[in-house]
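Numbering-wise, my numbering comes out as the position in the sequence shown, counting from 1, plus 1. Quick notes on the structure that follows.
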Amino acid sequence: MKLRVKALLLFTSVGVFVVVTVGIFQYFNLREEKLQTIKVEVSRQIEHVDHALRWFLEEGERDLLGLAADQRVRSRNDQDFTNFLNADEHSFEYHIGALESEIIEILNAFRTTHPHVNSVYMGRENGSFVRSHKRPRPTRYDPRTRPWYVLAKDNPGEVMRTKPYRSVTSSDVNIG
């Protein structure tokens with residue numbers, strides 16, 4: 002082979018080698034840069050979601066403190082409140098008194114003004130249960146055994162959140 006062809010092949014080989022080497026280096030460099038950018042953006046989005054969720058839950062806590070501060074809701078005069086401890090869904094009849102009716106109105110107003118809330122209720126030490134609206138099936142029920150009641154009883158004066166649990170009256174999963 003002539004020297005000219007050899008030189009041309011050498012320059013071409015070196016050129017291809019340089020282009021391939023730079024291309025591979027750039028590919029991995031740009032890939033790493035892109036992954037880093039994605040990581041930063043995902044972290045920012047998670048921070049935004051975390052902030053929004055925290056704000057949402059704190060707002061809910063303030064709302065619940067407002068409900069709990071209402072003297073009608075705090076009334077100890079609960080001996081005539083609705084009780085499902087021995088309820089038979091075929092023969093159960095509601096007998097809602099004046100105070101319980103006022104509390105139901107308060108709870109229902111809360112439920113209807115908070116689209117993320119499907120039910121508002123409270124259980125009492127005597128086993129009575131006051132809910133924002135009537136239960137679809139008035140079956141036997143003891144609120145004192147429910148996770149929200151147990152958690153509240155163990156932490157008086159504080160707003161607490163349960164782990165998600167299955168509703169008794171629907172297929173919903175609740176956080177109490």
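In this text, a Cβ means the ideal position worked out from N, Cα and C, and glycines have one as well. In this text the structure is predicted, and so the values were computed from the model without any measurement.
| Query | Result |
| --- | --- |
| contact_flag[the segment 122-138, the segment 59-67] where n(CB pairs < 8 Å) is 3 or more | no |
| Residue environment, L108, which counts as buried when at least 16 other CB atoms sit within 10 Å | buried |
| Inter-stretch contact (C-beta, 8 Å, three-pair minimum) for the segment 144-152 and the segment 124-134 | yes |
| Rounded C-alpha distance that separates A88 from Y150 | 19 Å |
| Residue ranges of each alpha helix (DSSP H) within the segment 88-112, 4 or longer | none |
| Assumed close pair I104, R73 - CB separation to whole angstroms, cut-off 8 Å | 6 Å |
| Sheet register partners of Y166 (DSSP bridge) | N175 |
| Spatially closest choice to F111 from V15, K7, D71, by CA coordinates | D71 |
| Pair within 9 Å by beta-carbon distance, F85 and P148 | no |
| Cβ-Cβ distance between R132 and T163 below 9 Å | no |
| Option in A53, D173, L100, S168 with minimal Cα separation from R75 | L100 |
| Delimiting residues of the alpha helix (DSSP H) encompassing F85 | Run containing F85: none; DSSP gives neither H nor E here. |
| Beta-ladder partner(s) of S129, from DSSP | N84 |
| Endpoints, alpha helix (DSSP H) assigned at Y28 | 4-70 |
| Helix, strand or coil at Y150 according to DSSP, with G and I counted as helix | helix |
| Rounded straight-line distance, which links the Cα of D173 to that of S44 | 31 Å |
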